[in-house]
Amino acid sequence: MNKIHVKTNINGDQVEFLADSRETLLDCLRDHVGLTGSKEGCGTGDCGACSCIFDGELVSSCLVLGVEAEGKSIETIEGMAGQEDLHPLQKKFIEMAALQCGFCTPGILVAAKALLEKNNNPTETEVRYWLAGNLCRCTGYDKIIKAVMETAKDIRETA
Amino acid sequence: MAKDDITKSFKFIGTRPNRPDGFEKVTGRAKYGADISAVGMLHGAVLRSPYAHARIKSINFEKAAKLDGVKAIITRDDFPKDREGEPLKLLENTIAGEIAYYDGHAIAAVAATSVFTAKEALKEIEVEYEVLPHVIDVDEAMKPDAPIVRKNAGDFSVPEGSSPNVASYIEFGRGDITNGFDKADIVKSGLFKTEAAHQGYIEPHACMAQLDHNGQGEMWVCTQGHWYIRQMCSEVLDLEASKLCVTPSEIGGGFGGKTTIFIEPLALALSKKSGGRPVKIVMSRSEVLRATGPTASASMDVKIGMTKDGYLTAGCVEFRMQGGAFGGSPVSEALQCAFASYNMEAVHHIGFDVLANRPRAAAYRAPGSPMAAFAVESLIDEMCTDLDLDPIDVRLMNAVAEGSKSSYGPKFKKIGLIETLEATKEHPNYSIELGANQGRGVAAGYWMNHGGETSVSVSLAEDGSVNVSVGTPDIGGSRASIALMTAETYGIPYDSVRVNILETGALGFNEPTHGSRATLASGKAVYEAANQTIAEMCRRVAKKWQIDPDAVYWENGYAKPAGPNAGDFTPISIKQIASEMDQTGGPIAGHHESSIRGVGHSFGVHIADVEVDPETGRVTVLRYLVAQDAGRAVHPSYVEGQFQGGAVQGIGWALNEEYVYGEDGCLQNAAFLDYRIPVASDLPNIDTIIVEVPNPDHPFGVRGVGETGIAPPLPALANAVAAATKVRLRSLPMSPTKVLKALKTGNDGC
């Protein structure tokens, strides 16, 4: 068994693990680091449930190899809330019932945060296209889109 | 809209508090099926048939067994040989015996120390197949010379001379059909077809199981109903049910598809064979699409008579549905829903449950109702167009109401179809002007809803907060609705209630979260159990006050003196009663077990506006309205969520989704890229109207809201496309290719 030693930064913490070269970043996060908040819905980059931030870029972590994390900085759903409080998107998702089963929610929150960091005044169409890579089967997206729009509005008003 | 007076007297019901499990679900802490691991755990993988129909001549796993890290390999030989009836069908579908009946049918399974080793081992298993002729399409399977899927599969109901692939036949009706059609000014008939769709839950099936040689075991699994998992696994593996403890994980969607077993018995059998080590199996998306339980495909003949004023005089349907190799299509439910919305003197229903070389159909949200709605509501719309009648007015003229005898038998109690139609008609969406290539479609839908076996307990904590224990997994906010009903019953704050979902050993048998029943049935049971504890609290307070228990009543979280004693004693709070429990008789708890009755029938009406691109055939949904009678919306946000989610699944079924098979009988689109469910950029907002005509048989008026919403979109979109293009599509999905062909040739897709 030839495993590769990987040193990386996840949600601000220095992390080391041994990866099989065939393992995806998602596998490593879930199985070696114990961060199971990122989900596997498809394993082929179609559903977005495993969305993470990889050196500042929004990625499907099922399409990144675990060994590629060497020396990089990764943000997952587990790093989204502050020590004192939830991220405004997390709060708004709960308040506006923007989740039902909750399985796609981590990926959608990570993706929506990436959007609002680039553009805190998106149109509804922009939100819908940004999140088109994140499948949700429960909600019909309506409350998700509204929660992202409302959060953006709050962020603009408090800025 | 009928909002009755009870609404005003509720303190908590009808409010929109944060769901109790929201924090865990937005932070990634909630544990779903694949999120659990155990010390010494092995990973399971399943070898699946690459053929639609094949005899398994031999399986050789010698080489695979020698791989380092492989701990157990199982085939059908590792399962009981004496199963019969439904347990045999479950076993056959879990793992093939002599014959693989569909592409993806499980043949063998491996447990190994890593996922990679397990998958490598699968490649080393040598299976010799003899490929057999297959049949995929339901009408092909009905032909006398069709390849036989399973011999002697037909039951007593099948008429002589039917195809050997007919598993069962159903026929019922009432009234004089000939006379009914004679009374009509126009009689119209048509053939309609829908393709199989998958529930498409984003979480693939996953479980971790452990089973000792003495038959004692445990399982962690994503499921809508863990007692069903326990029962089915016990039947398939010949275990004593009480020795298997099944704990439900959080569940990442189900929509009916997680009410049965697939990988669970395999994980148990692998665990047993590997000496009792825990075994985890997680399906890939491709396995989910190939080898779980999509819904049936349907071929449907409909004939309807209507007067020139729009009264429906008679209706006949013949539905043929294939539900895979073991039968079980929802043809019976489809027939019950077909004409359920309308008062019709004469109706006649015929149904065939047909076998094909496809995976065994599982439930999918209002099973059967969407197909029936597509056929019947499309044809009614065609007749409205022919007669230049308003489609909502025609439905209002014919709508069932309290006292109507339904098309399939039961007499309706208080129902809200008329109120729902009226609300739809008044909504601004119905009068927005449309442009070129745009069209509007209206359709109604019905679901009977379900109560079912239910067992709950309620206990008072030492500080006066309340623990509620239920057996219905929370798939879309039911913890919140159950907490609201509990808070309402006691008159204590919503935050003082914690709702737990317990494992199989902790409560009596519970049916799954299916049939739109979690809020309805667990809510009713919790109300009964909570009232037991309230009676006990009043009894203890009466003893303290030394008055008759009947002279104490409960209000807003307090025991209060009633009647002549009023004013003699200071009311005592639930907090105080709880703090003194140890001295007044010990713990206070209530429980309720029953088959919950008194479901409220559910009706919905949808309006879809679409634009059809004449060059590409693409259908864009411009706006969409769902109106549905909720009975009582306990947490309106999650009721709206059910309406919206159901509608979008229906939109997907109508426009994009279908099982595509090759000539070899293998599924060609077993990935989310090709089995395309709606994405955010495909859709507009989904507008909702919650109509509230309370269910008289529920303490809070709840009807159940989960399922009805998936039925009307299929016909509503077909009707909208027909209005936009003047071409009628009678086959789903209305993919761009099919729409373009219809625009060019007038072909209805059948």
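Chains as they are written, first to last, in my numbering: chain F, 28 to 186; chain W, 58 to 807.
Don't be surprised by glycine CBs; every beta carbon is placed ideally from N, CA and C.
- For the set W:E181, W:E260, W:F118 and W:K245, the Cα lying nearest the Cα of E67 (chain F) is the one of W:E260.
- At a cut-off of 3 residues, the continuous stretches assigned as beta strand (DSSP E) that sit fully inside the segment 595-641 of chain W are 609-612 and 615-618.
- By the beta-carbon neighbour count (other beta carbons within 10 angstroms, threshold 16), D445 (chain W) is exposed.
- Assigned with DSSP and collapsed to three states, Y156 (chain F) falls in helix.
- Under the three-state reduction of DSSP output, P305 (chain W) falls in the strand class.
- Under the 8 Å Cβ criterion, the segment 555-573 of chain W counts as touching the segment 762-772 of chain W, having at least three qualifying pairs.
- By a beta-carbon distance limit of 8 Å, D160 (chain W) does not contact P77 (chain W). Their separation comes to about 42 Å.
- Listed by position along chain W, the residues whose Cβ is nearer than 8 Å to that of G109 (chain F) form an empty set, because the closest Cβ is around 11 Å away.
- Chain-ordered, the chain W residues with CB closer than 8 Å to the CB of T71 (chain F) read R342, A728, F729 and L730.
- Closer than 8 Å to the CB of I121 (chain F) there is at least one CB belonging to chain W.
- Residues of the segment 161-184 of chain F whose Cβ lies closer than 8 Å to any Cβ of chain W, in chain order: N161, L162, C163, R164, C165, T166, G167, Y168, D169, K170, I171, I172 and K173.
- Bounds of the alpha helix (DSSP H) holding H283 (chain W) are H283 to L294.
- At least 8 Å separates the CB of A46 (chain F) from every CB of chain W.
- Rounded to whole angstroms, L268 (chain W) and V696 (chain W) show a C-alpha spacing of 40 Å.
- In the pairwise beta carbon analysis, the segment 345-354 of chain W is classified as touching the segment 408-422 of chain W: at least three pairs are separated by under 8 Å.
- Straight-line measurement puts the Cα of S435 (chain W) at about 47 Å from the Cα of K176 (chain W).
- Following the DSSP letters along the chain, one finds L517 (chain W) inside the beta strand (DSSP E) bounded by residues G509 to L517.
- Contact annotation: in the segment 169-203 of chain W, residues whose CB is within less than 7 Å of a CB in chain F are F173.
- N75, R76, D78, G79, F80, E81, K82, V83, T84, G85 and R86: these are the residues of the segment 74-86 of chain W whose beta carbon lies less than 9 Å from some beta carbon of chain F, given in chain order.
- Cβ contact annotation for G247 (chain W) (same chain, cutoff 7 Å, sequence separation greater than five): V359, L436 and R787, in chain order.
- Residue nearest to N524 (chain W) within the set W:Y547, W:I532, W:G533 and W:M505 is W:Y547 (criterion: CA-CA distance).
- For E375 (chain W), the three-state secondary structure derived from DSSP is strand.
- For L248 (chain W), the nearest beta carbon of chain F is not closer than 8 Å to its own beta carbon.
- In this structure, DSSP gives N776 (chain W) a helical state, which the three-state scheme calls helix.
- Excluding the 5 residues flanking it on each side, D47 (chain F) has same chain C-beta neighbours closer than 7 Å at K30, in chain order.
- T529 (chain W) and N567 (chain W) do touch by the CB rule: their CB atoms are close to 6 Å apart, below 8 Å.
- A distance below 6 Å between beta-carbons, with the five flanking residues on each side excluded, links H162 (chain W) to the following residues of its chain, in chain order: S106 and A153.
- Assignment of beta-bridge partners to K34 (chain F) by DSSP yields F:E43.
- Here the alpha carbons of G310 (chain W) and R422 (chain W) stand approximately 11 Å from one another.
- Counting the other CB atoms within 10 Å of its CB gives H100 (chain W) a total of 16 or more, which places it among the buried residues.
- Chain F has no Cβ within less than 8 Å of the Cβ of Y421 (chain W).
- Counting only runs of 4+ residues, the alpha helix (DSSP H) found wholly inside the segment 668-713 of chain W occupies 693-712, in chain order.
- In this chain, K88 (chain W) is not harboured by any beta strand (DSSP E), its DSSP state being neither H nor E.
- E228 (chain W) sits in a strand when the DSSP states are folded into three classes.
- Annotation: the continuous alpha helix (DSSP H) that includes R536 (chain W) extends over S535 to Y547.
- Taken in chain order, the members of the segment 87-98 of chain W whose beta-carbon sits within less than 8 Å of a beta-carbon on chain F are A87, K88, Y89, A91, D92 and S94.
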